[in-house]
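Given below as structure tokens:
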């Protein structure tokens, strides 16, 4: 294994020197919800940001604009603690030395918040725009008064708009209560090894880029032991995912992923062997074509694509060390931009998101978009099988959370 050297100067902050950070959110802080209400796609998207579902924005407390995505939940075998898996690059931004981080309970923690500042700011701006627009409409209606009948209709419209404004303002006040990142702390990092290259059982090389976050019960509405690996997919997620399902032998499609349609989420279980990534026809039943995968990330939302036939060799420089390793590339197949080009499968901010297949299996963890080529179609991920083996090699006995019964 090749280890990386520090890429930061000695006077820059260290993850281990976080004693000044608060450890938990106050008891009065809003808890992450387990049900996603909403009658419109916009309402559903906005409410999901504050849920315990996966595929949503998180960030380190000390770097609240450095956003990434919640990956998958794991349960420790020794004590039952629920952990959240994401990328190291999500929890440690620029300026943090490339050292192993382990939280032993004796020093200050490295807290993680949900959502990050940019996501919260965007939501607040959208609400303010809705308030301003409806207020403008009310002002226009008050100038339109010709006949008694028109006055009655105008008054009814005005009352509906004022009711909407009151609801928007109520939501905005709740969001303003979250301006202090302390109120958004959902957990803290317990382990993250330094960036480096590890070797799989078959000799291929992968980038070591993972972090485990211990969740705080006080910030969750649901008992942590009752959490499930449900990934938010959006209001149209079921339809979009169903369209991506492989066809059976008689040409009919069927839903292979367990969906919580009430809360617009797909539930994943089990993992795909990396052997199947390398040889899709080794699967049972075999894939007829390229493997179809799905992900929901904080940056690009729900995207669907196909895995490239061969892994990509990637070269990255961290500090003064150049690493060479393999990652899997995904090309987004659905939808094109106005210029006739494909939209990206993933981008910066999607790192950490769970990439899963049409059978509801975890395939990998996204490492973001097209590297140094911002306009690249592709997204990249590290195979989950190797990542989980590497976590076990670092002393963690765990399992994926089981499929829910509801």
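Residue numbers (my numbering): 22 to 427.
All residues carry an ideal CB built from backbone N, CA and C; glycine is no exception.
- Runs of the beta strand (DSSP E) lying entirely within the region 296 to 323 and spanning at least 3 residues, in chain order: 313 to 318.
- Runs of the beta strand (DSSP E) spanning 3 or more residues and lying entirely within the region 55 to 132 occur at 78 to 81, 93 to 97, 103 to 107, in chain order.
- The shortest C-alpha to C-alpha distance from residue 53 to any of 280, 244, 185 is the one to 244.
- Counting only the Cα atoms, residue 110 lies some 21 Å from residue 125.
- In this structure, residue 69 places its C-beta atom within 8 Å of the C-beta atom of residue 57.
- A Cβ-Cβ distance of about 7 Å is found for the pair residue 230 and residue 403, placing them in contact under the 8 Å criterion.
- The Cβ atoms of residue 352 and residue 399 sit closer than 8 Å to each other.
- Close CB contacts of residue 292 within its chain, under the 8 Å cut and outside five residues either way in sequence, are with 382, 383, 384, 405, 406, 409, 421 (chain order).
- Of the other Cβ atoms in all chains shown, 16 or more fall within 10 Å of the Cβ of residue 374; this residue is therefore buried.
- Residue 388 is classed as buried because its beta carbon has at least 16 other beta carbons within 10 Å across all chains shown.
- Runs of beta strand (DSSP E) with 3 or more residues, each lying fully within the region 217 to 278, are found at 217 to 220, 226 to 229, 232 to 236, 251 to 253, listed in chain order.
- In this structure, residue 386 and residue 106 form a Cβ contact; the two beta carbons are roughly 7 Å apart against a cut-off of 8 Å.
- When rounded, the separation of the alpha-carbon atoms in residue 86 and residue 76 is 17 Å.
- Annotation: the continuous alpha helix (DSSP H) that includes residue 410 extends over 405 to 414.
- When secondary structure is reduced to three states using DSSP, residue 49 falls in the coil class, being assigned neither helix nor strand.
- Under the 10 Å beta carbon count, residue 288 is surrounded by 16 or more other beta carbons and is classified as buried.
- If you draw a straight line from the Cα of residue 101 to the Cα of residue 236, it comes to about 12 Å.
- Listed as beta-bridge partners of residue 346 by DSSP are 335.
- Leaving aside the five residues that flank residue 379 on each side, the residues in its chain whose CB is nearer than 6 Å to its CB run, in chain order, 266, 267, 277, 313.
- About 7 Å separates the CB atoms of residue 137 and residue 79; that is less than 8 Å, so the two are in contact.
- Between residue 368 and residue 319, the alpha-carbon positions lie close to 9 Å from each other.
- In the DSSP assignment, the residues bridged to residue 212 are 123, 233.
- The C-beta distance from residue 285 to residue 253 rounds to 6 Å, short enough to meet the 8 Å contact threshold.
- Scanning its chain for C-beta atoms nearer than 7 Å, with the 5 sequence neighbours on each side dropped, one finds around residue 296 the residues 303, in chain order.
- Take residue 96, set aside five residues on each side of it, and the residues of its chain with a beta-carbon closer than 7 Å to its own are 103, 419, 420, 422, in chain order.
- Following the DSSP letters along the chain, one finds residue 159 inside the alpha helix (DSSP H) bounded by residues 138 to 162.
- Per DSSP, the unbroken beta strand (DSSP E) holding residue 377 starts and ends at 375 to 378.
- Contact check for residue 348 against residue 336 fails: the beta carbons are separated by 8 Å or more.
- In this chain, the beta strand (DSSP E) harbouring residue 385 covers 383 to 389.
- Separation of the CB atoms of residue 341 and residue 290 is rounded to 42 Å, and the pair is thereby denied contact status at 8 Å.
- With a contact defined as Cβ atoms closer than 8 Å, residue 211 and residue 234 qualify at about 7 Å.
- In this model, residue 260 and residue 206 are separated by some 33 Å (Cα to Cα).
- Residue 152 sits close to residue 189, with the two beta carbons spaced by under 8 Å.
- In the DSSP secondary-structure assignment, residue 330 is not bridged to any residue.
- The beta carbon of residue 71 sits closer than 8 Å to those of 51, 53, 54, 135, 136, all from its chain and outside the five residues before and after it, given in chain order.
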